[in-house]
Amino acid sequence: MDATVQKAIVDLTQLKQSMQNGIGQVNDCIEGLRSGKMRVVDCTETIEKMTNVCRNTLINVERLLPEEEDV
Numbered sequence: 009m010d011a012t013v014q015k016a017i018v019d020l021t022q023l024k025q026s027m028q029n030g031i032g033q034v035n036d037c038i039e040g041l042r043s044g045k046m047r048v049v050d051c052t053e054t055i056e057k058m059t060n061v062c063r064n065t066l067i068n069v070e071r072l073l074p075e076e077e078d079v
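So the number in the numbering used here is just where the residue sits in the sequence shown, counting from 1, plus 8.
So, in C-alpha cells, the structure goes:
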C-alpha cells in the first residue's frame, strides 16, 4: 500500500468520524428544538460547521488524486 492510499484511508477515517459526530449534533439539534432549548439558527450554524469539516476532508482526499484520474 503506497503513501497516497494510506493518507486517503486516514482522511476517509477522519471523514467517517466527522460524519458520525455530525449525526449526533443533528440529533442534539432535533431534541433541542423539541424542548425549546435551541433555536433553528443555532442548529443551522452547527450543521454548517459540520458540513464544512466534511467538505474540507473530501477536498484533502481529492487532492491526493493525480489530475488524470479526476472524474
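A virtual CB, placed ideally from N, CA and C, is assigned to each residue, including glycine.
Residue span of the alpha helix (DSSP H) that contains residue i, given as start and end
i     : result
Arg47 : Segment: none, Arg47 is in no alpha helix (DSSP H) and carries neither H nor E.
Leu41 : 11 to 43
Nonlocal neighbours in the same chain, by C-beta distance under 6 Å from residue i, ignoring five residues either side
i     : result
Met58 : Gly30, Gln33
Cys51 : Cys37
Val61 : Ser26
Three-state secondary structure (DSSP) of residue i
i     : result
Leu73 : coil
Contacts around residue i, its chain only, beta-carbon distance under 8 Å, and the 5 residues preceding and following it disregarded
i     : result
Gln22 : Thr65
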